[in-house]
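Going line by line, the protein sequences match chains V and P.
In the working numbering, each residue's number is its place in the first sequence (first place is 1) plus 451.
In the working numbering, each residue's number is its place in the second sequence (first place is 1) plus 6.
Worksheet: one structure, shown below.
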Amino acid sequence: MSEVLVALAGSPNVGKSTLFNRLTGGDVHVANWPGVTLQRAEGKTEHHGIVLRIIDLPGTYSLSAQDIGEKIAREFIVEEKPDVMVIVVDATSLEKSLYFAVMALELYQKAVIALNMIDAAEKRGIHIDIQGLESKLGVPVVPVSALKGIGLGVLLDRILDVAQGRVRTYPLRVDYNGLEPFIHEVERLLRERGVLDKYPSRWAAVRLLEGDEVLLDELKKIDPELAEKVNSIRERARIELGEDPERIAISSRYSLIDEIVCSTVTRVKLAAPTLTEKLDELMLHPVAGPIVSVLLILFTFFLIFAVNTGFPLNILFDHMGYSELAALIEEYSLSGILGSLFDWLSSALSEWLTSMGYADWLVGLISDGIIGSIGTLASFIPLLLMAYVFLGAMQDSGLFPRAAVSLDNLFRRFGLSGRAFFPAALGMGCSVAAVVSTRAMDDDRERMVTAMASPLIPCQARLLVLLALASAAFTNPLEQSALTVSIYFLSFVLYLLVSKFLNKFVFKVEYAPDLVMELPPYHRPSLRVIWWYARSNTEHFVKKAGLLIFVLGVATWFLLNFGPSGYLSQGDISKSYAAILGNLLTPVTSLIGLPDWKYALAFEVGFVAKEGLLITFSSITGAADPVEALRSMGITPLKAVSMALAMNYYVPCLATVAALFSELRIGKYVLLTVVIEIVLALLLAGTAYWIGILMGFS
Amino acid sequence: MDGNLVPLIALRPGQRGRVVTMNVGRGKARRLMELGLLPGEVVEVVSNSVGPVVIRVRGMTLALGRNVASRVWVEVIS
Chain V
452 MSEVLVALAG SPNVGKSTLF NRLTGGDVHV ANWPGVTLQR AEGKTEHHGI VLRIIDLPGT
512 YSLSAQDIGE KIAREFIVEE KPDVMVIVVD ATSLEKSLYF AVMALELYQK AVIALNMIDA
572 AEKRGIHIDI QGLESKLGVP VVPVSALKGI GLGVLLDRIL DVAQGRVRTY PLRVDYNGLE
632 PFIHEVERLL RERGVLDKYP SRWAAVRLLE GDEVLLDELK KIDPELAEKV NSIRERARIE
692 LGEDPERIAI SSRYSLIDEI VCSTVTRVKL AAPTLTEKLD ELMLHPVAGP IVSVLLILFT
752 FFLIFAVNTG FPLNILFDHM GYSELAALIE EYSLSGILGS LFDWLSSALS EWLTSMGYAD
812 WLVGLISDGI IGSIGTLASF IPLLLMAYVF LGAMQDSGLF PRAAVSLDNL FRRFGLSGRA
872 FFPAALGMGC SVAAVVSTRA MDDDRERMVT AMASPLIPCQ ARLLVLLALA SAAFTNPLEQ
932 SALTVSIYFL SFVLYLLVSK FLNKFVFKVE YAPDLVMELP PYHRPSLRVI WWYARSNTEH
992 FVKKAGLLIF VLGVATWFLL NFGPSGYLSQ GDISKSYAAI LGNLLTPVTS LIGLPDWKYA
1052 LAFEVGFVAK EGLLITFSSI TGAADPVEAL RSMGITPLKA VSMALAMNYY VPCLATVAAL
1112 FSELRIGKYV LLTVVIEIVL ALLLAGTAYW IGILMGFS
Chain P
7 MDGNLVPLIA LRPGQRGRVV TMNVGRGKAR RLMELGLLPG EVVEVVSNSV GPVVIRVRGM
67 TLALGRNVAS RVWVEVIS
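Now the structure itself:
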């Protein structure tokens, strides 16, 4: 045996990812499970010269195949028959985390239990009789601390012992009391017909009696007659026992767990009020909870974007009159550094290529088109990475679920749960990060709705355009900030209203997903795990959306730099295909009071990245300062309002569309998102403009 | 008060109750039971105001939407 296949299984919040990360040392390949957006992580490690291939199964509370994660975990165990299944349980709360272990051991006996957080358990005076636990469960039990790296060598030893048959394991038998005769009956039928034989027959019989839909469907396909029979046995059991067989099964498992815990766990001291209890008094307070949650999220958001782009510090300082300091912050932010790096690369390459005698258009394509697109892609990487670090820390520390609980009440009115706050908060920085973050939702409908609505929140690039418009058209700072603030307010309202609309008319569900969520104890997040989580997710995004950003970026470069007369070497943008397209669009922009191809062209460029709007105004008018550029185009307060509304909503930027594609995986919904935004932009900007005209503005 | 059957949502923070019955759909009932919220189990309400009801059961803290919490009936333990 040269390679051992290990499946890592367990419920959420037992430290499974930390253990996976420890065992594989971060040498991990991340992909999606076939057909779903659920992440599949796989890694390798070597022990005593043997390679262990470790698959991290989705963290689930049971193996009933109720949701996609449980289905995947169960299928993997049954179909792939791993050499060893490692079941992670939490030593500090065996009465809870053993449920998954019991279900898993009934299904598959080549297993080892990793008794995680043993250090925390000892600290709290919880003693566990390891041998006792081993004899009750029939498989080796290894106390470990994934966080501190304790016991991992022994765990790997036991994994190899089981894989190579040096240690025998025994099937776990739960006493199902009154259900037993019915179990025997179904088991006998299954054996006689020789169906569902890839599952242990007792396990299959219990599951069928519990009404496992996936298993029943499978049986219906092979042997419809037997499926009928099983159904009638289940009905008979229900009537004779006067109780739902499912309930009997689940309580029997819990009775076994109570018995195991009672005989193997001793508590030597009573736990003092823990940090969790004290913190929860604050986080779950009806008034303080939501406030603390919002502040916490805003603060983290502020931190991420300040490091990345200087925002909002740059804008704050600029308005306070410290424009030099603001420029400095911007220059030395991550995206500032990346930006100058790519500018330098582009001009160096352009010089070199020209000196080598290449044609102008080729030089332009390589130094502007290609390097520019790679630069756009690269500028997202630190932002995404940090957004993931933030998300990972919120989840790993236990803050995420509390914040979701405290904000649930507000979001319910719009058919969302409290979890919907996160994409909106992240969206103020970058819509791509917002769309990708919806992955953390466990309700599928809510995940799609929030992904589709979150690009409505103005991102940082749109804020820049907004501020330029406000400064160009209004002289009074009060009017300038009134425009900016009202666009933000409107955007949050639209986020909620569009979510409600999507729930009602697209997904045809009006009630909010009802929260049933574990609030795990708070703990200090593990930096290793967060870093690994952030890195692998970012890599995954770059691989998936990168190509699209690149291709569309290069295509836009062509439109801007080529016209019917060929390559536009003088950069005369008004003769480009893009300008021709702009002219085609002017009938539409006339509706919102902007009947000029320049605006239309700016909107086109803004699709690549919203800050492109300002760049276009500058390159068309020749004024480097976008505010000057807008003034020379004759912007009026009314036009600025119309433009601000249109610019904010007319379409998510290219990278966001790419992210929507990779997250939603349904072209129809991506298209719908774009259509909703276009309609909103036209409707809002048009209404504002024509009301303004009626009121005598121009 | 002892022995009174009330929905979980009627308990104040700090109050405890024994689960008697759950009037929710099959899938949800299974989910709750698998999380340890079984008939016969004792639950303690941690917080209950406007949002989800937070309870402690089998050493685990759970947040239940108000809709679910109003369908779990408990016997108050004084």
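All residues carry an ideal CB built from backbone N, CA and C; glycine is no exception.
Just so it is clear, the structure is predicted and the values come from calculations on it, not from any experiment.
Worksheet item: In three-state DSSP terms, what is residue 490(V)?
Response: Reading the first sequence from its first residue, position 39 is the one you call residue 490(V). In this structure, residue 490(V) counts as strand in the three-state DSSP scheme.
Item to complete: Assign residue 1212(V) to one of three DSSP states: helix, strand, or coil.
Response: This structure leaves residue 1212(V) out entirely; chain V is present only between 452 and 1149.
Item to complete: Ignore the nearest five residues each way along the sequence and tell me which others in residue 982(V)'s own chain have a CB closer than 6 Å to its CB.
Response: Walking along the first sequence from the start, residue 982(V) turns up at place 531. For residue 982(V), where only same-chain residues beyond five positions count, there are no Cβ hits under 6 Å.
Worksheet item: Where do the ends of the alpha helix (DSSP H) carrying residue 519(V) lie?
Response: The residue labelled residue 519(V) in the question sits at position 68 within the first sequence. Per DSSP, residue 519(V) belongs to the alpha helix (DSSP H) from 519 to 531.
Worksheet item: Should residue 73(P) be flagged as near chain V, meaning a C-beta pair shorter than 8 Å?
Response: The residue you call residue 73(P) lines up with position 67 of the second sequence. Yes, contact with chain V.
Worksheet item: With 16 other CB atoms within 10 Å as the buried threshold, where does residue 1119(V) fall?
Response: By 1-based counting over the first sequence, the position of residue 1119(V) is 668. The residue in question, residue 1119(V), is exposed, as its Cβ has fewer than 16 Cβ neighbours within 10 Å.
Worksheet item: According to the Cβ coordinates, are residue 749(V) and residue 625(V) closer than 8 Å?
Response: For the purposes of this step, residue 749(V) is taken as residue 298 along the first sequence, with counting starting at 1. For the purposes of this step, residue 625(V) is taken as residue 174 along the first sequence, with counting starting at 1. Result no, Cβ atoms of residue 749(V) and residue 625(V) do not sit closer than 8 Å.
Worksheet entry | Alpha-carbon to alpha-carbon, residue 773(V) and residue 1026(V) | Position 575 of the first sequence, counted from the start, is the residue given in the question as residue 1026(V). Position 322 of the first sequence, counted from the start, is the residue given in the question as residue 773(V). Answer to the nearest angstrom: the Cα atoms are 40 Å apart.
Worksheet entry | C-alpha distance - residue 1148(V) paired with residue 1089(V), whole-angstrom precision | Position 697 of the first sequence, counted from the first residue, corresponds to residue 1148(V). Position 638 of the first sequence, counted from the first residue, corresponds to residue 1089(V). Each residue's alpha carbon lies about 7 Å from the other.
Worksheet item: Straight-line CA distance for residue 776(V) to residue 769(V)?
Response: If you number the first sequence from 1, residue 776(V) lands on position 325. If you number the first sequence from 1, residue 769(V) lands on position 318. Their Cα atoms are separated by approximately 8 Å.
Practice prompt. Could you please tell me which residues of the segment 49 to 82 of chain P, in chain order, have their CB closer than 7 Å to any CB of chain V?
Written response: 52, 53, 55, 56, 57, 58, 60, 64, 65, 66, 67, 68, 69, 70, 71, 73, 74
Worksheet item: Going by beta carbon distance, what residues of the same chain come within less than 7 Å of residue 1024(V), once the five residues before and after it are set aside?
Response: As a working mapping, residue 1024(V) is identified with position 573 in the first sequence. Closer than 7 Å at Cβ, skipping near neighbours: 1011, 1030, 1070, 1071.
Discussion item. Counting only Cβ-Cβ distances shorter than 7 Å, please list the residues of the segment 854 to 884 of chain V near chain P, keeping chain order.
Written reply: 856, 857, 859, 860
Fill in: Cut-off 6 Å between Cβ atoms - residues of its own chain near residue 923(V), not counting five sequence neighbours on either side
As a working mapping, residue 923(V) is identified with position 472 in the first sequence. Closer than 6 Å at Cβ, skipping near neighbours: 1078, 1081, 1082, 1086.
Fill in: Beta-carbon gap between residue 535(V) and residue 455(V) smaller than 8 Å
The count along the first sequence starts at 1 and reaches residue 535(V) at position 84. The count along the first sequence starts at 1 and reaches residue 455(V) at position 4. A contact, by the Cβ cut-off of 8 Å.
Discussion item. For chain P, check one thing: does any of its Cβ atoms lie closer than 8 Å to the Cβ of residue 568(V)?
Written reply: Taking the first residue of the first sequence as position 1, residue 568(V) is located at position 117. No, its Cβ sits nowhere closer than 8 Å to a Cβ of chain P.
Worksheet item: With respect to the beta strand (DSSP E) encompassing residue 567(V), which residues constitute its N-terminal and C-terminal limits?
Response: As a first step, residue 567(V) must be located in the first sequence, where it is residue number 116. That run of the beta strand (DSSP E) goes 562 to 567.
Worksheet item: Do residue 20(P) and residue 48(P) have their C-beta atoms within less than 8 Å of each other?
Response: By one-based count along the second sequence, residue 20(P) stands at place 14. By one-based count along the second sequence, residue 48(P) stands at place 42. Not closer than 8 Å, so no.
Discussion item. I'd like the ranges of any alpha helix (DSSP H) spanning at least 4 consecutive residues and lying wholly in the segment 950 to 1034 of chain V.
Written reply: 978 to 1012
Fill in: Cβ-based neighbour list, residue 1036(V), same chain, cut-off 6 Å, excluding 5 preceding and 5 following
For the purposes of this step, residue 1036(V) is taken as the residue at position 585 of the first sequence. Here the set comprises 1051.
Worksheet item: Helix, strand or coil: which one does DSSP assign to residue 461(V)?
Response: Here residue 461(V) refers to the residue found at position 10 of the first sequence. Correct three-state label for residue 461(V): strand.
Discussion item. Is it buried or exposed, residue 962(V), if we count other Cβ atoms within 10 angstroms and call 16 or more buried?
Written reply: The count along the first sequence starts at 1 and reaches residue 962(V) at position 511. It is exposed - the Cβ of residue 962(V) has fewer than 16 other Cβ atoms within 10 Å.
Worksheet item: Among residues of its own chain, excluding the 5 on either side of residue 1132(V), which ones have a beta-carbon nearer than 7 Å to its beta-carbon?
Response: What you label residue 1132(V) is simply residue 681 of the first sequence in a count that begins at 1. Contacts found: 1096, 1097, 1100, 1101.
Worksheet item: For residue 1019(V), which residues of its own chain have a beta-carbon under 7 Å away from its beta-carbon, when the five flanking residues on both sides are left out?
Response: Position 568 of the first sequence, counted from the start, is the residue given in the question as residue 1019(V). For residue 1019(V), where only same-chain residues beyond five positions count, the Cβ hits under 7 Å are 1012, 1013, 1026, 1027.
Worksheet item: Which runs of the alpha helix (DSSP H) fall wholly inside the segment 1037 to 1111 of chain V and span at least 4 residues, in chain order?
Response: 1048 to 1059, 1063 to 1072, 1077 to 1083, 1088 to 1100
Practice prompt. Taking residue 78(P) as the reference, give the member of 61(P), 57(P), 55(P), 56(P) with the closest Cα.
Written response: Taking the first residue of the second sequence as position 1, residue 78(P) is located at position 72. It is 61(P) whose Cα lies nearest to the Cα of residue 78(P).
Fill in: C-alpha gap between residue 32(P) and residue 966(V), whole angstroms
Counting from 1 along the second sequence, the entry for residue 32(P) is found at position 26. Counting from 1 along the first sequence, the entry for residue 966(V) is found at position 515. If you take the alpha carbons of residue 32(P) and residue 966(V), they lie about 16 Å apart.
Worksheet item: How many angstroms separate the CA atom of residue 1068(V) from the CA atom of residue 1117(V)?
Response: Walking along the first sequence from the start, residue 1068(V) turns up at place 617. Walking along the first sequence from the start, residue 1117(V) turns up at place 666. Cα to Cα, the separation comes out at about 35 Å.
Practice prompt. With a 10 Å radius around its C-beta and 16 neighbouring C-beta atoms as the bar for buried, classify residue 810(V) as buried or exposed.
Written response: Along the first sequence, read from residue 1 onward, the residue named residue 810(V) stands at position 359. Its Cβ having fewer than 16 others within 10 Å, residue 810(V) is exposed.
Worksheet item: Taking residue 832(V) as the reference, which of 1000(V), 909(V), 807(V) has the closest Cα?
Response: For the purposes of this step, residue 832(V) is taken as residue 381 along the first sequence, with counting starting at 1. Residue 1000(V) is the option with its Cα nearest to residue 832(V).
Worksheet entry | Stretch-stretch touch, CB-based, cutoff 8 Å, three pairs: the segment 851 to 871 of chain V with the segment 733 to 749 of chain V | yes
Worksheet item: Exposed or buried, which one is residue 1008(V) when buried takes at least 16 other CB atoms within 10 Å?
Response: One-based indexing of the first sequence puts residue 1008(V) at position 557. Under this definition residue 1008(V) is a buried residue.
Worksheet item: By Cβ distance, which residues of its chain are closer than 6 Å to residue 1140(V), with the 5 residues on each side in sequence left out?
Response: Looking up residue 1140(V) in the first sequence gives position 689. Closer than 6 Å at the Cβ level, and outside the excluded window around residue 1140(V), lie 1043, 1044, 1093.
Fill in: Beta-carbon contacts of residue 800(V) that lie in its chain and below 6 Å, excluding the five residues immediately before and after
Here residue 800(V) refers to the residue found at position 349 of the first sequence. For residue 800(V), where only same-chain residues beyond five positions count, the Cβ hits under 6 Å are 818.
Item to complete: State yes or no: is the beta carbon of residue 556(V) nearer than 8 Å to at least one beta carbon in chain P?
Response: Position 105 of the first sequence, counted from the first residue, corresponds to residue 556(V). Not closer than 8 Å to any Cβ of chain P, the Cβ of residue 556(V) fails to qualify, so no.
Worksheet item: Going by other Cβ atoms of all chains shown within 10 Å of its Cβ, with 16 needed for buried, is residue 572(V) buried or exposed?
Response: Reading the first sequence from its first residue, position 121 is the one you call residue 572(V). Per the 10 Å Cβ criterion, buried.
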